[in-house]
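First up is the structure itself, then whatever we jot down about it.
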Amino acid sequence: MTKTLVWILVFIAAFAGLFFLQHLTRDTGASTTGPGYMEEGSAAADTTSLSGQELMNNFGCLNCHGNDLNGTPMAPPLVGMSKFYDRESLIAYLRNPEKNKTGARFDEYKTKYASGVMPSYGNKDVKELGKIADYLLTK
């Protein structure tokens, strides 16, 4: 055999060995989602019985906005939302924050909370977002 053929066989054997090792060490049990986030398709993903406050905790809202919703250095407070939104407009904002960031308040937020990015919840059920909106509008 030529040296080239030997090196090709060594490379193929190494690749096959790594591929086999990957299948042996694959973790199939533990969730890789972070705290406060729900895994899609899991039994825990049934959120129909959760309140707006519980949904906010599950979606990770409290991680940035604070447990008391009074804001953190990362994100603005969520108390007093009824001054700025009605139910439908708050749901629209939650579904697509970038599209619905208008006004002087958001200009101030861009400078004060420059490192924070509000995630879009367009992939969530509108009924869940409605529960969150109802909860926030009472704060």
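Mapping the sequence shown onto our numbering, position 4 (from 1) lands on 3, and the numbers just tick up by one.
Heads up, the beta-carbon is just placed ideally off N, CA and C, and yes, glycines get one too.
Pick from the options that is closest to residue i, judged by C-alpha positions
i	options	result
GLU53	THR137, ILE131, VAL5	ILE131
TYR84	GLY129, PHE58, VAL9	GLY129
ALA74	HIS22, ARG25, LYS109, ASN56	LYS109
PRO118	TYR92, LEU8, VAL9, GLU107	TYR92
LYS126	TRP6, PHE14, SER50, LYS100	SER50
Nearest-angstrom Cβ-Cβ length linking residue i and residue j, presumed shorter than 8 Å
i	j	result
LEU135	LEU61	Actually they do not touch by this definition, with Cβ atoms about 12 Å apart.
Beta-carbon gap between residue i and residue j smaller than 8 Å
i	j	result
ARG86	ASP133	yes
MET80	LYS138	yes
PHE58	TYR120	yes
GLY102	CYS63	no
VAL78	ASN66	no
- Message: As an exercise, report each continuous beta strand (DSSP E) stretch of at least 3 residues that is fully enclosed by the segment 53-88, in chain order.
- Response: none
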